[in-house]
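In the numbering used here, the protein residues as written are 28 to 255. Ideal Cβ positions, reconstructed from N, Cα and C, are used throughout, including at glycine. It should be emphasised that the depicted structure is a prediction, and the values quoted were computed from it without experimental measurement.
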Ligand code: BV8
């Protein structure tokens with residue numbers, strides 16, 4: 028099959044072998060902390076210190092890690108493929124960028140970005156954040172938050188993503204459990220538009236039956252062998 032327009036969705040599993048925690052695996056993040064306390068606007072309003080600690084811990088951890096062969100294979104695909112490759116990630120880490128991917132959407136936000144809930148400005152961010160952090164733009168204190176999409180919030184660039192899904196002739200889903208919407212519905216959207224759909228995951232995801240094809244195994248092995 029010759030493809031011209033590829034859309035790739037990635038989740039925490041593509042970064043697992045780099046050392047990034049996944050969410051729903053046996054000892055994943057949601058087995059240690061209730062997502063409602065740290066990944067919802069209500070949780071942030073109720074206890075901003077806990078939420079800042081949660082994201083500061085993850086930001087520090089990601090800074091120590093490196094991309095793996097799966098990230099590098101996707102960056103190579105973007106460089107060498109004659110058609111279009113759009114990479115949509117649910118991950119907030121910057122391992123795709125550090126591997127060289129450029130045509131990339133962080134639909135759930137980024138750990139290296141911060142948002143002021145008072146003035147709405149979005150700024151590049153390194154290091155810790157706290158309830159005392161002033162907004163670099165409006166100066167307000169107590170309104171800076173991680174620029175990530177929490178449950179109940181609208182993911183970023185959905186229009187652009189659905190346009191690409193409807194035009195795709197290949198949809199690849201890598202390292203995601205297919206638990207979180209609307210990302211979990213992308214395979215159906217792409218399939219309805221005639222794309223060939225494949226899941227590359229450690230084990231069958233919750234949306235496994237929606238795919239035309241699946242290859243199961245660790246991303247750093249199955250992704251290079253599929254894309255190279
Ligand atoms: C929204 C914050 C609407 C960032 C996260 C139906 C339709 C639409 C919405 C809903 C719906 N039903 C329910 C909803 C609401 C909700 C939802 O989906 N709830 C779930 C629990 C049912 N969705 C939302 O709220 C979304 N917003 O719908 O807005 C709206 C409309 C109008 C106006 C306003 C709003 C927002 C969802 C985003 C939530 N944010 N996190 C952060 O802290 O990181 S969720 C969290 O889950 C992360 O973002 C993560 O990226 C995402 C998905 O998790 P995965 O990446 O899949 O990770 P997981 O651990 O689950 O799986 C890892 C996989 O990797 C496993 O399969 C494993 O086998 C595999 N793996 C492990 N190791 C390897 C591997 N694979 C390969 N190699 C390995 N080595």
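The criterion of a C-beta distance shorter than 8 Å is satisfied by residue 142 and residue 172. Taking all protein chains shown into account, residue 199 has 16 or more neighbouring C-beta atoms within 10 Å of its C-beta and is therefore buried. Looking at the backbone, the Cα of residue 71 and that of residue 109 are separated by about 44 Å. About 7 Å separates the Cβ atoms of residue 178 and residue 62, confirming a contact at the 8 Å cut-off.
Checking the 7 Å criterion, the Cβ of residue 52 is within range of a heavy atom belonging to the ligand BV8. Under the DSSP assignment, residue 64 falls in the alpha helix (DSSP H) whose first and last residues are 62-65. Per DSSP, the continuous alpha helix (DSSP H) segment holding residue 105 begins and ends at 96-107. For residue 70, the secondary structure class from DSSP, reduced to helix, strand or coil, is helix. DSSP, read as helix, strand or coil, puts residue 119 in coil.
Here the C-alpha atom of residue 216 lies approximately 10 Å from the C-alpha atom of residue 237. The ligand BV8 has a heavy atom closer than 7 Å to the beta-carbon of residue 204.
Set against 7 Å, the gap from the CB of residue 79 to the closest heavy atom of the ligand BV8 is not smaller. According to the DSSP secondary-structure assignment, residue 37 is paired through a beta bridge with 116 and 201. Just so you know, the alpha carbons of residue 123 and residue 227 end up roughly 17 Å apart. Residue 142 sits in a strand when the DSSP states are folded into three classes. Here the segment 160-167 makes no contact with the segment 175-192; the two share fewer than three CB pairs at distances below 8 Å.
Listed in chain order, the non-local C-beta contacts of residue 104 below 7 Å within the same chain comprise 112 and 254, local neighbours out to five positions each way being set aside. Short of 6 Å from the beta carbon of residue 83, and not among the five residues preceding or following it, lie these beta carbons of its own chain, in chain order: 155. For residue 231, the three-state secondary structure derived from DSSP is coil.
Residue 33 and residue 60 have their C-alpha atoms some 35 Å from each other. The beta carbon of residue 136 sits closer than 6 Å to those of 119, 174, 175 and 176, all from its chain and outside the five residues before and after it, given in chain order.
Sequence-distant Cβ neighbours of residue 152 in its own chain, meaning closer than 7 Å and more than five residues away, are 139, 140 and 141.
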